[in-house]
Amino acid sequence: MAEPKDNGNGAVRIGVYICHCGTNIAGTVDVRALTEYAATLPGVVVARDYKYMCSDPGQELIKQDIREHNLTRTIVAACSPLLHEHTFRNATAQGGVNPFHFHMVNIREHDSWVHEDKQAATEKAKDLLRAAVRRVALHQPLERKQVPIKPDALVVGGGIAGIHAALTLANAGKHVYLVEREPTIGGHMAKFDKTFPTLDCAACILTPKMTAVKTHPNITLWTYSEIVQVEGYVGNFKVTVRRKPRYVLEDACVGCLECIEACVYKQPKFADEFNLGLGKRKPVYIPFPQAVPPVVVIDPETCIEFKSGKCKKTCVEVCGDRNAIDFQQQERMEMIEVGTIVLATGFQVFQAKRIPYYGYGTYPNVYTALEVERLINAAGPTGGEIVLRNSERPKAVAIIHCVGSRDENTNRYCSRVCCMYSLKLAHLIKEKTEAEVYNFYIDIRAPGKAFEEFYNRVAEEGVHFIRGKVADVYPDSDGHGRLIVQAEDTLLGMVRKIPVDMVVLSVGLEPQADAQEVRRLFNITCSTEGFFLERHPKLAPVNTFTDGIFLAGCCQGPKDIPDTVAQAGAAAAEALVLIDTGSVELEPNTAYIVEEDCSGCKSCIPLCPYTAISFVEAKKKAWINEALCKGCGVCVAACPSGSIRQNLFEDEEIFSEIEGVLAGV
Ligand SMILES: Cc1cc2nc3c(=O)[nH]c(=O)nc-3n(C[C@H](O)[C@H](O)[C@H](O)COP(=O)(O)OP(=O)(O)OC[C@H]3O[C@@H](n4cnc5c(N)ncnc54)[C@H](O)[C@@H]3O)c2cc1C
10 MAEPKDNGNG
20 AVRIGVYICH
30 CGTNIAGTVD
40 VRALTEYAAT
50 LPGVVVARDY
60 KYMCSDPGQE
70 LIKQDIREHN
80 LTRTIVAACS
90 PLLHEHTFRN
100 ATAQGGVNPF
110 HFHMVNIREH
120 DSWVHEDKQA
130 ATEKAKDLLR
140 AAVRRVALHQ
150 PLERKQVPIK
160 PDALVVGGGI
170 AGIHAALTLA
180 NAGKHVYLVE
190 REPTIGGHMA
200 KFDKTFPTLD
210 CAACILTPKM
220 TAVKTHPNIT
230 LWTYSEIVQV
240 EGYVGNFKVT
250 VRRKPRYVLE
260 DACVGCLECI
270 EACVYKQPKF
280 ADEFNLGLGK
290 RKPVYIPFPQ
300 AVPPVVVIDP
310 ETCIEFKSGK
320 CKKTCVEVCG
330 DRNAIDFQQQ
340 ERMEMIEVGT
350 IVLATGFQVF
360 QAKRIPYYGY
370 GTYPNVYTAL
380 EVERLINAAG
390 PTGGEIVLRN
400 SERPKAVAII
410 HCVGSRDENT
420 NRYCSRVCCM
430 YSLKLAHLIK
440 EKTEAEVYNF
450 YIDIRAPGKA
460 FEEFYNRVAE
470 EGVHFIRGKV
480 ADVYPDSDGH
490 GRLIVQAEDT
500 LLGMVRKIPV
510 DMVVLSVGLE
520 PQADAQEVRR
530 LFNITCSTEG
540 FFLERHPKLA
550 PVNTFTDGIF
560 LAGCCQGPKD
570 IPDTVAQAGA
580 AAAEALVLID
590 TGSVELEPNT
600 AYIVEEDCSG
610 CKSCIPLCPY
620 TAISFVEAKK
630 KAWINEALCK
640 GCGVCVAACP
650 SGSIRQNLFE
660 DEEIFSEIEG
670 VLAGV
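Quick note, the sequence shown lines up with residues 10 to 674 if you use the numbering used here.
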C-alpha cells in the first residue's frame with residue numbers, strides 16, 4: 010500500500026494509541042496484537058497501548074510522541090468519542106498538532122462490549138483501526154469559532170427546581186427570565202403540607218423562596234406564560250414567550266382579593282384546579298392564598314361577562330380606581346434574547362384511572378396521594394381535616410404503593426419518592442385521625458439521608474405493612490360503604506382482605522403530557538420513559554445534547570426535593586460557567602456550500618432541523634449559518650447537485666474509511 014499523503018502537504022506521520030480501559034477493552038480485545046498490527050499500517054510512525062489513555066500519563070504519552078516523533082496525525086482507539094474525543098483533541102492540540110488531525114476509534118461500545126469472541130473482536134478492532142489510519146491522513150486542519158454569549162438566562166418552569174435555579178443565577182448577578190405556565194409559581198411542592206423525612210412545613214420553606222423570586226431585582230417573572238418558539242444556538246437564543254391574558258392587570262392588582270368576595274357568584278361553584286377538583290372556586294380566583302404573584306385570574310370559561318356580556322361586574326366596581334380588571338386584555342408575545350436556558354418543567358402524576366381494579370373514579374373514597382396531600386394541607390379544601398366524601402373521619406385507611414411504577418403494564422421504572430411520601434402520609438393520617446393505616450408495598454425503598462430512620466419511626470407508630478401487590482379493591486357487602494383491599498401477603502403466604510374506609514393510591518411520577526412538544530421546541534432528546542435526557546448520566550447529568558440548555562428537577566426523571574434542589578443548583582452553576590466565560594467555541598464540523606456547484610434548487614432549506622440554511626436571492630445560492638449548523642449531515646446527503654459538503658466528513662475521508670474497513674475482507 011502506498012504511503013498516505015495529507016493532500017499534497019507531504020507524507021503524514023501517524024501516532025496510534027490503544028487504550029485497555031482497564032479490562033473493559035483489554036478483556037476482550039488482544040491489545041498487544043492490535044498495537045503490533047497498528048505499527049505495520051502505512052504512515053504509522055509509533056503505536057502504543059496503555060491502561061487508561063484518558064489519564065494524565067496517557068495524554069502525556071501522546072504529547073511527548075508528537076514532539077519526539079514529529080507526528081502530524083493522532084489516533085486513539087478507546088471508548089466512545091462522546092466521552093473522550095474532546096480530551097484527546099486537547100492533548101493533540103497541546104502537543105502542537107491541529108486538534109482535527111486527530112481521530113477516535115470506538116473499540117469499546119462498538120467492539121469489546123458487544124462481542125465475546127476475543128479473536129473476532131481483535132480482528133474487528135484491526136479493521137476499524139485500518140479504516141481510521143486511511144481517513145485521518147486526509148483530515149484538513151480546522152479552527153473552532155468563538156461567539157459571544159448573551160448574559161441573560163431563561164428558566165422554564167417555576168416549581169422548586171426552577172425557583173432554586175433562578176435564584177442562584179440571580180444572586181450571582183445575572184438577569185433571569187422565569188417563565189411559568191400556571192398563574193402561580195410553586196409547582197407540586199406548593200400543594201404539600203409537610204415534606205419527608207423531616208416533616209418540615211412545605212409552605213414555610215417554599216413561600217419565602219417564592220417571594221424572593223418576585224422581589225428579586227434580577228428576576229423577570231412571567232407566570233401564565235409559555236414558550237412558543239426557540240431559535241438560535243448556545244449563547245444566542247431568541248425565545249418567543251406567549252403571555253396569556255389573566256384579564257387582570259398585574260401591575261395594578263394589589264392582591265386584596267375583594268373582587269373574589271364581590272363576584273356575583275355568592276358561593277364558589279367551579280372545580281378548583283389547584284385543589285384537584287376537591288374544592289370549588291369562583292370565576293375570579295387566586296390559586297392559593299400564598300400564590301406568587303398575588304394576582305387574581307379570571308376564567309373566561311365560567312365568567313358571566315365573557316359568556317353573556319350581561320354581568321353586573323361587581324368585581325370591577327369593588328376594584329375602584331385601581332382599575333385592575335380588564336376584560337379586553339389580549340394574549341401578547343414577548344421576544345427575549347438569552348445565552349443559556351434551564352428547563353425545569355417538572356412532572357405529572359400517573360393517571361390512576363389507567364388501573365381500573367383500584368377503583369379510582371368508581372369508588373368515591375379512593376384518592377390519589379396528591380389529593381390526600383391537599384386534604385392534609387391546612388390551606389386545603391377541608392382546612393386540613395382528613396375526611397371521607399360524607400365528611401366522616403376514616404377509621405381504616407389503605408395506602409397502595411407503586412401505582413403506575415415498577416409495573417410492566419404501565420411504567421417499569423421506580424418513581425423514587427412514592428415509598429417515602431407514602432410513609433409520610435401514613436404518619437400524618439394516623440396522627441390526624443388515629444385510623445388504622447395499612448401500607449401495601451412491593452419493597453420499601455428508603456435510601457436517602459434519614460429515610461430508613463423515618464421508616465422505622467412510622468413502623469413503631471403502629472402503621473401496618475403488608476408485603477404484596479394489591480389485586481383488587483371492591484365494595485364490602487356489609488352495607489357501610491367500606492372497601493375491601495385484597496392482596497397476597499408474600500411474607501405470610503396467604504391472601505389478605507382488609508376492610509377500609511379510604512384507599513390512597515401512591516401514584517408514580519411521569520413526564521409532563523407535553524414533554525415531547527417541549528423537547529422539540531428546545532431541540533433536546535427524551536429517554537425511553539419520556540423524561541428529558543441528560544447528556545451523560547455520570548459526567549454531564551444536567552447538560553443536554555444541545556449546548557447551553559440544562560436540566561433541573563423532575564423533568565429529567567423522578568426525584569425528591571433535596572435532589573431536585575441539588576440538581577437545580579448544578580444546572581445554574583453550569584449556566585453561570587458559560588455566561589462568565591463570555592464566549593463559546595463552536596465545533597467546526599459544519600456543512601458548507603460549494604457555491605459554483607449550487608443550482609439554487611432550495612431543496613436543502615426545509616430539510617434542515619436547525620433552520621441553519623437560507624437562500625441568498627442576490628446570488629441565487631443557498632447559504633449555511635455555521636453558528637446554527639450542528640453537522641447532522643441531512644443537507645449533505647440530500648443535495649441533488651452534491652454541492653453541500655461537511656468539514657470532517659468530506660466524501661474522500663468517508664470513502665477511504667470505508668475502503669479501509671473493507672480492505673481486510
Ligand atoms: C404526592 C407527592 C408527594 C411528595 N412529597 C414529597 C416530600 O414530602 N418530600 C420530597 O422531598 N419530595 C416529595 N415529592 C416529590 C416532589 O414533588 C418533587 O421532588 C418536586 O416537586 C420536583 O420539583 P420540580 O420543580 O422539578 O417539578 P414540579 O413541582 O412539577 O414543578 C414544575 C413546574 O413547571 C411548570 N411547567 C411545566 N411545564 C411548563 C412549560 N412548558 N412552560 C412553563 N412552565 C411549565 C409547572 O406548572 C410547575 O410549576 C412528592 C411527590 C408527590 C407526587
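C-beta atoms are modelled at their ideal positions from N, C-alpha and C, and glycine is treated no differently.
This structure is a prediction, so every number in the text was calculated from the model and none was measured.
Worksheet entry | Simplified DSSP state of Asp660, which is helix, strand or coil | The sequence position of residue 660 within the sequence shown is 651, counting from 1. Asp660 falls in the helix class under three-state DSSP.
Discussion item. Among the candidates Met342, Lys253, Arg363 and Asp572, whose CA atom is the shortest distance from the CA of Thr419?
Written reply: Taking the first residue of the sequence shown as position 1, residue 419 is located at position 410. Nearest C-alpha to Thr419 among Met342, Lys253, Arg363 and Asp572: Arg363.
Discussion item. For the alpha helix (DSSP H) containing Thr675, name the first residue and the last one.
Written reply: There is simply no residue 675 to check, as the chain begins at 10 and stops at 674 in what is shown.
Item to complete: Go through its chain and collect everything with a Cβ distance to Cys268's Cβ below 7 angstroms, but skip five positions before and after it.
Response: To locate residue 268, count along the sequence shown from 1; it is residue 259. Closer than 7 angstroms at Cβ, skipping near neighbours: Val293, Val305, Cys324, Val327, Cys328 and Ile334.
Practice prompt. Have a look at the DSSP bridge pairing and note the partners of Cys564.
Written response: Sequence index remark: in the sequence shown, residue 564 carries index 555 (1-based). Answer is none; Cys564 lacks a bridge partner.
Discussion item. Taking 7 angstroms as the cut-off, is the C-beta of Gly578 nearer than that to any heavy atom in ligand 1?
Written reply: If you number the sequence shown from 1, residue 578 lands on position 569. Answer for Gly578: no, Cβ out of range of ligand 1.
Worksheet item: What separation, rounded to the nearest whole angstrom, lies between the Cα atoms of Gly36 and Cys30?
Response: Against the sequence shown, residue 36 aligns to sequence position 27. Against the sequence shown, residue 30 aligns to sequence position 21. If I take the Cα positions, the gap works out to 9 angstroms.
Worksheet entry | Pairwise C-alpha distance: Leu43 and Cys607 | Here residue 607 corresponds to residue number 598 of the sequence shown, with the count starting at 1. Here residue 43 corresponds to residue number 34 of the sequence shown, with the count starting at 1. Distance between the alpha carbons of Cys607 and Leu43 is about 44 angstroms.
Practice prompt. Grab the span of the beta strand (DSSP E) containing Asn245 for me, first residue to last.
Written response: As a working mapping, residue 245 is identified with position 236 in the sequence shown. Where Asn245 is concerned, the enclosing beta strand (DSSP E) stretches over Asn245 to Arg252.
Worksheet item: Are the stretch 443-461 and the stretch 398-407 touching, with three or more C-beta to C-beta distances below 8 angstroms?
Response: yes
Worksheet item: Candidates Glu235, Ala280, Leu285 and Glu340: which alpha carbon is nearest Val257's?
Response: Residue mapping note: residue 257 aligns to position 248 of the sequence shown, counting from 1. Residue Glu340 is the option with its Cα nearest to Val257.
Worksheet item: When DSSP labels each residue in this structure, what does Arg363 get in the three-state scheme?
Response: Within the sequence shown, numbered from 1, the residue matching residue 363 stands at position 354. Correct three-state label for Arg363: helix.
Fill in: Best match in Pro157, Asn180, Glu189 and Lys159 for proximity to Ile169 [C-alpha to C-alpha]
Reading the sequence shown from its first residue, position 160 is the one you call residue 169. Checked all of Pro157, Asn180, Glu189 and Lys159; the closest Cα to Ile169 is Glu189.
Worksheet item: Alpha carbon to alpha carbon, how far is Lys289 from Asp452?
Response: Stepping through the sequence shown from its first residue, residue 289 is reached at position 280. Stepping through the sequence shown from its first residue, residue 452 is reached at position 443. Computed Cα separation, rounded: 37 angstroms.
Worksheet item: Going by alpha carbons, who is nearest to Tyr450 out of Leu500, Thr590, Gly348 and Lys611?
Response: On the sequence shown, position 441 is the one that residue 450 refers to. Cα-wise, what sits closest to Tyr450 is Leu500.
Worksheet item: Rounded to the nearest angstrom, how far is the Cβ of Glu23 from that of Leu80, given a contact under 8 angstroms?
Response: By one-based count along the sequence shown, residue 23 stands at place 14. By one-based count along the sequence shown, residue 80 stands at place 71. At residue 23 the sequence reads Ile, which differs from the Glu that was named. Indeed, because the Cβ distance is near 7 angstroms, the residues count as touching under 8 angstroms.
Worksheet item: Arg76: buried (16+ other C-beta within 10 angstroms of its C-beta) or exposed?
Response: Here residue 76 refers to the residue found at position 67 of the sequence shown. Result: exposed.
Worksheet item: Where does Val467 sit, in a helix, a strand or coil, going by DSSP?
Response: One-based indexing of the sequence shown puts residue 467 at position 458. Helix at Val467.
Discussion item. Please identify the residue among Ala129, Met503, Leu91 and Glu668 whose C-alpha is closest to the C-alpha of Arg544.
Written reply: Taking the first residue of the sequence shown as position 1, residue 544 is located at position 535. Closest option to Arg544, Cα to Cα, is Leu91.
Worksheet entry | DSSP bridge partner residues for Asp481 (one or two, in chain order) | Position 472 of the sequence shown, counting from 1, holds the residue named residue 481. Beta-bridge pairing links Asp481 to Gln495.
Worksheet entry | Close-in-space but distant-in-sequence residues of the same chain around Gly673 (CB under 8 angstroms, 5 per side omitted) | The count along the sequence shown starts at 1 and reaches residue 673 at position 664. Same-chain partners within the cutoff: Glu132, Lys135, Asp136 and Arg139.
Item to complete: Measure the alpha-carbon distance for Val593 versus Leu434 and round it to whole angstroms.
Response: By one-based count along the sequence shown, residue 593 stands at place 584. By one-based count along the sequence shown, residue 434 stands at place 425. Taking the straight line from one Cα to the other gives about 48 angstroms.
Worksheet item: For Gly329, does the three-state DSSP call read helix, strand or coil?
Response: Taking the first residue of the sequence shown as 1, we reach residue 329 at position 320. Gly329 falls in the helix class under three-state DSSP.
Item to complete: Report back the beta-carbon spacing between Tyr447 and Ala407 to the nearest angstrom; my notes put them in contact at under 8 angstroms.
Response: Translated into the one-based positions of the sequence shown, residue 447 becomes position 438. Translated into the one-based positions of the sequence shown, residue 407 becomes position 398. That belief holds up - the Cβ atoms of Tyr447 and Ala407 are roughly 5 angstroms apart, short of 8 angstroms.
Practice prompt. Kindly give me the distance between the Cβ atoms of Phe279 and Leu518, rounded to whole angstroms, as I take these residues to be in contact under 8 angstroms.
Written response: As a first step, residue 279 is located in the sequence shown; it is residue number 270 there, counting from the start. As a first step, residue 518 is located in the sequence shown; it is residue number 509 there, counting from the start. Not quite, the Cβ-Cβ distance comes to about 28 angstroms (not below 8 angstroms), so this is no contact.
Practice prompt. Tell me, to the nearest whole angstrom, how far the beta carbon of Ala146 is from that of Val250; I am working on the premise that it is less than 8 angstroms.
Written response: Stepping through the sequence shown from its first residue, residue 146 is reached at position 137. Stepping through the sequence shown from its first residue, residue 250 is reached at position 241. About 50 angstroms separates the two Cβ atoms, so there is no contact after all.
Item to complete: Within its chain, find whatever has a CB closer than 7 angstroms to the CB of Glu470; leave out the 5 residues flanking it on each side and keep chain order.
Response: By one-based count along the sequence shown, residue 470 stands at place 461. Counting only Cβ-Cβ distances below 7 angstroms, and skipping sequence neighbours, we find His436 and Lys439.
Worksheet item: How would you call Cys610, buried or exposed, if buried means at least 16 neighbouring beta carbons within 10 angstroms?
Response: Residue numbering aside, residue 610 sits at position 601 when the sequence shown is read from its first letter. It is exposed - the Cβ of Cys610 has fewer than 16 other Cβ atoms within 10 Å.
Worksheet item: Which residues mark the beginning and the end of the alpha helix (DSSP H) in which Thr131 is found?
Response: Along the sequence shown, one-based indexing puts residue 131 at 122. Run containing Thr131: Lys127 to Val145, per the alpha helix (DSSP H) assignment.
Discussion item. If I measure Cβ to Cβ from Met10 and keep anything under 6 angstroms in the same chain, skipping five residues before and after, which residues do I get?
Written reply: Here residue 10 refers to the residue found at position 1 when the sequence shown is read from its first residue. With a pLDDT of 46 at Met10, under the threshold of 50, the modelled position of this residue cannot be trusted, and the question is left open.
Worksheet item: Thr354 to Ala175, Cα distance in whole Å?
Response: Translated into the one-based positions of the sequence shown, residue 354 becomes position 345. Translated into the one-based positions of the sequence shown, residue 175 becomes position 166. Each residue's alpha carbon lies about 13 angstroms from the other.
Worksheet entry | Cα-Cα separation, Val512 to Phe201 | As a first step, residue 512 must be located in the sequence shown, where it is residue number 503. As a first step, residue 201 must be located in the sequence shown, where it is residue number 192. When the Cα atoms are used, Val512 and Phe201 turn out to be separated by approximately 19 angstroms.
Worksheet entry | Beta-ladder partner(s) of Ile614, from DSSP | By one-based count along the sequence shown, residue 614 stands at place 605. Partner(s): none; Ile614 has no beta bridge.
Practice prompt. With DSSP collapsed to three states, give me the class of Ile269.
Written response: Mapped onto the sequence shown, residue 269 falls at position 260. Here Ile269 sits in helix by DSSP.
Worksheet item: Looking at the structure shown, is Gly669 part of a helix, part of a strand, or coil, going by DSSP?
Response: Position 660 of the sequence shown, counted from the start, is the residue given in the question as residue 669. Note: Gly669 maps to helix in three-state DSSP.
Discussion item. Can you give me the C-alpha to C-alpha distance between Asp487 and Lys506, rounded to a whole angstrom?
Written reply: Taking the sequence shown and counting its residues from 1, the one referred to as residue 487 is at position 478. Taking the sequence shown and counting its residues from 1, the one referred to as residue 506 is at position 497. Approximately 14 angstroms, taken between the alpha carbons.
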